[in-house]
Amino acid sequence: MSNITVESNRLQGTVILPPDKSISHRAIIISSLGQNKVQIRNLSLCEDCLSTLEAFKNFGVTISEDNNSFTIEGKGMDGLRKAPKGEIYLGNSGTSMRLILGVLAGQKFSSRLSADASLSRRPMKRVTQPLSLMGAKITGKQGGEFAPLTIQGGKLSPINYKAPVASAQVKSAILLAGLYAEGTTTVQEPAKSRDHTERMLKNFGADISVRGLSVSVTGRASLVGRDLEVPGDISAASFFLVGTCISKGSEITIESVGLNPTRTACLKVLKQMGAAVSWEYQDARMADKDYDDEARGEITAKYSQLKAITIKPDQIPSLIDELPILIVAATQAEGQTKICGAGELRVKETDRISSMVSNLVKMGADIRSEENDIIIRGPSKLLGTTVESFGDHRTAMSMAIAGLVTSGRTTIKDIDCVNTSFPEFFETLSRLKS
Ligand code: S3P
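Rendered as structure tokens:
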């Protein structure tokens, strides 16, 4: 377990982002189901995406790398085989576990999916229950709530499912299973979550349509893969954006970043807080609401005095991975920020409401939680101290950014977890310090 110590500093320069993690998972999964060979450039090699990559190699998909470009030889919808050991270990990666369950629901073989201690504590019934309704046989601890899970797929029936939580992982698992069902499967979400699965399936020729908060897929069509280049990860960008907004004299540019409209809410929230942040699409067509591929472009940001805002429950799904770092931003904003209805943070790699509140209280911030709301009064002078990652990458990276504005040094314990999404985070951070 390694620790790191950071000092207050400003950020300047151009940020090289890691490839988008969500798009990388989908690129591996969906290309494996296509009937042809595709090339994927800039695929994420973070630990979570490597878990997905290894899983599909185990299912018999040939995947090779040459000069930062991956070739995936799609096996077609029915070409996967049982993993030789029968068991697939997915480490810390919730996206791998939930999306792969969707694919396995349609296979004729059984598989056992296991996970590390943190992922084995995260809720799976939100996925195993709808997949069971479709006809998959899934067993696991507490009736399929916790990994390890054993899944026997087979002939699936389509469902019309009203999801109780807005979750791209749940929606994607059902859509992937829906590819195997005879007929049309529909998922309706309570609020819009990231839509990378829908976009990629459409571009690979699936029969998929989106109407408001409902997505429908008609099964048994074949997928034709297309070459892809994964854009930079906007969730990774959010750490540097907040670092720039809160530390005086900072100014950064972030190039080639994904600007999918279901992922840009953090930019809009920062702007609403008074941040000098702006973004430009690489191509004007990408700003069009009917643009159906993954938009990308450039973001610039400068230090700005932030002001408090209220984040409402229906905004939570589109900000889910950026909330820990937005909490750090709120400690430096004038007034009271209230983040309402953020209960989904409690079932991430750690309980992110508790992890962020306890760390920031230790630093002297005025922050508390009331059930699933978080109330922060700022701006406060933060003190350098020792804080915990709780084994959670986004808590670790958020606390390193908080350390840019503390008086005295900040030590973050157990930082190896950043490898799950952004192995180069600390290197990137130190390159931006001036
Ligand atoms: C993800 C969806 C989100 C997000 C996670 C990645 C995805 O999870 O927090 O980091 O790639 O689908 P939920 O669907 O559980 O909200």
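Sequential numbering from 445 applies to the sequence shown in the working numbering.
Idealized CB from N, CA, C, for every residue including glycine.
If we ignore side chains and look at the alpha-carbon of each, how far apart do Q456 and I696 end up?
Within the sequence shown, residue 456 is the residue found at index 12, counting from 1. Within the sequence shown, residue 696 is the residue found at index 252, counting from 1. Roughly 5 angstroms separates the two Cα atoms.
Starting from L524 and walking both ways along the alpha helix (DSSP H), at which residues does that stretch end?
Here residue 524 refers to the residue found at position 80 when the sequence shown is read from its first residue. Here L524 belongs to no alpha helix (DSSP H), and DSSP marks it neither H nor E.
Span separating the alpha-carbon of P528 from that of T506:
By one-based count along the sequence shown, residue 528 stands at place 84. By one-based count along the sequence shown, residue 506 stands at place 62. Taking the straight line joining both Cα atoms gives about 15 angstroms.
Between the stretch 714-721 and the stretch 740-750, can you find at least three pairs of beta-carbon atoms closer than 8 angstroms?
yes
Please report the residue range of the alpha helix (DSSP H) in which K574 lies.
Along the sequence shown, read from residue 1 onward, the residue named residue 574 stands at position 130. Sequence check: residue 574 is Pro here, not Lys. Note, P574: alpha helix (DSSP H), K569 to M578.
Are three or more beta carbon pairs between the stretch 662-675 and the stretch 728-735 nearer than 8 angstroms?
no
Where G792 falls, given that 16 or more other Cβ within 10 Å makes a residue buried:
The residue labelled residue 792 in the question sits at position 348 within the sequence shown. Contrary to the premise, residue 792 reads as Lys rather than Gly in this sequence. It is buried - the Cβ of K792 has at least 16 other Cβ atoms within 10 Å.
Beta-carbon proximity check, G702 vs E738, cutoff 9 angstroms:
Walking along the sequence shown from the start, residue 702 turns up at place 258. Walking along the sequence shown from the start, residue 738 turns up at place 294. The answer is yes: Cβ separation under 9 angstroms.
Alpha carbon of K535 to alpha carbon of P462, nearest angstrom
Along the sequence shown, read from residue 1 onward, the residue named residue 535 stands at position 91. Along the sequence shown, read from residue 1 onward, the residue named residue 462 stands at position 18. Looking at the sequence provided, one finds Gly at residue 535 rather than Lys. Straight-line Cα distance between these residues: approximately 20 angstroms.
Identify, in the order they occur along the chain, each residue of the same chain with its Cβ nearer than 6 angstroms to the Cβ of D842, setting aside the five sequence neighbours on each side.
Position 398 of the sequence shown, counting from 1, holds the residue named residue 842. Inspection of the sequence shows that residue 842 is occupied by Ser rather than by Asp. Once the five neighbours on either side are set aside, the close Cβ partners of S842 are P768, I769 and V772.
According to DSSP, is K501 helix, strand or coil?
Numbered from its first residue, the sequence shown carries residue 501 at position 57. The answer is helix: DSSP assigns K501 an H, G or I state.
DSSP three-state assignment for N604, whether helix, strand or coil:
Residue mapping note: residue 604 aligns to position 160 of the sequence shown, counting from 1. In this structure, N604 counts as strand in the three-state DSSP scheme.
Identity of the residue in D492, L657 and L645 nearest A635 by Cα
Counting from one through the sequence shown, the residue named residue 635 turns up at place 191. Looking at the Cα atoms, L657 is the closest of the given residues.
Take every Cβ of the stretch 617-626, pair it with every Cβ of the stretch 584-591, and state whether three or more of those distances are shorter than 8 angstroms.
no
Relative to the C-alpha of A814, which candidate in K825, G808 and V801 has its C-alpha closest?
Taking the sequence shown and counting its residues from 1, one reaches residue 814 at position 370. The question names Ala, yet the displayed sequence has Glu at residue 814. Among K825, G808 and V801, the Cα nearest to that of E814 is on V801.
Using beta-carbon positions only, say whether T630 and N604 come within less than 9 angstroms of one another.
The residue given as residue 630 occupies position 186 in the sequence shown. The residue given as residue 604 occupies position 160 in the sequence shown. Result yes, Cβ atoms of T630 and N604 sit closer than 9 angstroms.
Measuring alpha carbon to alpha carbon, tell me which residue in V831, A549, Q716 and M541 is nearest R921.
Residue numbering for the chain in the displayed model covers 445 to 878; residue 921 lies beyond these limits and cannot be assessed.
Tell me whether D671 counts as near the ligand S3P, meaning its Cβ is closer than 8 angstroms to at least one heavy atom of that ligand.
Taking the sequence shown and counting its residues from 1, the one referred to as residue 671 is at position 227. Not under cutoff, so the answer is no.
R853 by DSSP, collapsed to three states: which one?
One-based indexing of the sequence shown puts residue 853 at position 409. Coil at R853, not helix or strand.
Can you tell me which of L789, E589, T754 and S466 puts its alpha carbon nearest to the alpha carbon of Q613?
Residue numbering aside, residue 613 sits at position 169 when the sequence shown is read from its first letter. Per the Cα distances, S466.
Using only the heavy atoms of the ligand S3P, determine whether one of them is closer than 8 angstroms to the beta carbon of R643.
Counting from 1 along the sequence shown, the entry for residue 643 is found at position 199. No, the ligand S3P has no heavy atom inside 8 angstroms of this Cβ.
Leaving aside the five residues before and after T688 along the sequence, list all residues of the same chain whose C-beta is less than 6 angstroms from its C-beta, in chain order.
Residue numbering aside, residue 688 sits at position 244 when the sequence shown is read from its first letter. So the list reads L455, S694, I696 and A745, once near-sequence residues are dropped.
Counting C-beta neighbours from all protein chains within 10 Å, is the total for A549 16 or more, i.e. buried, or is it exposed?
Your numbering for residue 549 matches position 105 in the sequence shown. By the neighbour-count rule (16 or more Cβ atoms within 10 Å), A549 is buried.
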